[in-house]
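Peer 1:
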Amino acid sequence: MEILADPITVNCRKVLAGLKLIGADYTLTKVDYFQGEQKNPEFVAINPNAALPALRDGGLVLWESNAILQYAADKVGNASAYPTDLVTRADVNRWLLWECGAWFPSCYVFLVENCVKPLLGDSTDQSVLDGEAANFHKLAGILDARLGGSAYVCGDHPTIADVVVAAPMHLHAWQKLPLENHANLVRWMSERIETAPWWKETHVGEGFTVSEAA
Ligand SMILES: N[C@@H](CCC(=O)N[C@@H](CS)C(=O)NCC(=O)O)C(=O)O
14 MEILADPITV
24 NCRKVLAGLK
34 LIGADYTLTK
44 VDYFQGEQKN
54 PEFVAINPNA
64 ALPALRDGGL
74 VLWESNAILQ
84 YAADKVGNAS
94 AYPTDLVTRA
104 DVNRWLLWEC
114 GAWFPSCYVF
124 LVENCVKPLL
134 GDSTDQSVLD
144 GEAANFHKLA
154 GILDARLGGS
164 AYVCGDHPTI
174 ADVVVAAPMH
184 LHAWQKLPLE
194 NHANLVRWMS
204 ERIETAPWWK
214 ETHVGEGFTV
224 SEAA
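Start counting the sequence shown at 14; every next residue gets the next number (my numbering).
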């Protein structure tokens, strides 16, 4: 499997961490996000959305980070990372869709305002952050309630749902995500996610720095 990605971005880190959790072999072809290489015609021919990441595997070209993880887990046959029983799989799929449709867009507001804009010399728009706060707390509360009843998002061991849901908050301190009232979410992130090898090996630091291991 060839992954075309820039390890600093949310959805690329998600895929790289997920592939490590799954135990899938892959090669990484870097497409530089801040150089805008995702907009180059060669990459747009692979992903017409001009967005990272993408996968090539034999004749398959696949984009959408969550679809890439679903494919990779099924290809490897890792039923721990992506359970095959009907009910648990439905649960995992539900969180994947929730992340893409609701959680990522909310966390992304904080990433843009508190990380990307200052880095590019632009100023944070507090009114945008204030406008997103209620929605963020609603969503974080949903996740917090789930994590109050189980160690991981879908049970007692990590699945791709954990990687997918953690990714949009991967720079939570720098993003200044207002997590103080979501204790289960904070505990899960610090004790279950940030201690995991697949997360540490794909570390992204403030300023969008990556280690060699990434
Ligand atoms: N739903 C897509 C979102 C992909 C996406 O938005 N990727 C960002 C990086 S995390 C991107 O490349 N955006 C294009 C841009 O900002 O030019 C996925 O999960 O793969």
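Glycine included, C-beta positions come from ideal geometry on N, C-alpha and C.
On a predicted model such as this, the values are computed, not experimentally measured, just so you know.
1. Determine the closest residue to residue 7 out of 37, 106, 99, 15, with distance taken between C-alpha atoms.
2. Which whole runs of the beta strand (DSSP E) in the segment 65-119 are 3 residues long or more, in chain order?
3. Tell whether a beta-carbon distance below 7 Å holds between residue 94 and residue 32.
4. If we ignore side chains and look at the alpha-carbon of each, how far apart do residue 165 and residue 180 end up?
5. Using the Cα positions of residue 222 and residue 21, report the straight-line distance between them to the nearest angstrom.
6. Where does residue 256 land, buried or exposed, given buried means 16+ other C-beta within 10 angstroms?
7. First and last residue of the beta strand (DSSP E) that includes residue 7?
8. Is it true that the CB of residue 17 sits closer than 7 Å to the CB of residue 57?
9. Keeping to the same chain, check which residues put their C-beta closer than 7 Å to that of residue 126; ignore five residues upstream and five downstream.
10. With residue 133 as the anchor, note down where its beta strand (DSSP E) starts and where it stops.
11. Tell me the DSSP secondary structure of residue 189 in three-state form.
12. Does ligand 1 have a heavy atom nearer than 6 Å to the CB of residue 51?
13. So for residue 49, helix, strand or coil by DSSP?
14. By the DSSP assignment, the beta strand (DSSP E) with residue 152 in it spans what residues?
15. Report the three-state DSSP secondary structure of residue 165 (helix, strand or coil).
16. For the segment 98-109 and the segment 40-55, state whether three or more C-beta atom pairs, one from each stretch, are separated by less than 8 Å.
Peer 2: According to the structure data:
1. Because the chain spans 14 through 227 in this model, residue 7 falls outside it and cannot be assessed.
2. 67-70, 73-76
3. no
4. 14 Å
5. 7 Å
6. Any property of residue 256 remains undetermined from this structure, which presents the chain solely from 14 to 227.
7. Nothing can be reported for residue 7: it is not among the residues displayed for the chain, which extend from 14 to 227.
8. no
9. 137, 138, 141, 142
10. From DSSP, residue 133 is part of no beta strand (DSSP E); its letter is neither H nor E.
11. coil
12. yes
13. coil
14. That residue, residue 152, is in no beta strand (DSSP E); its alpha helix (DSSP H) goes 139-160.
15. strand
16. no
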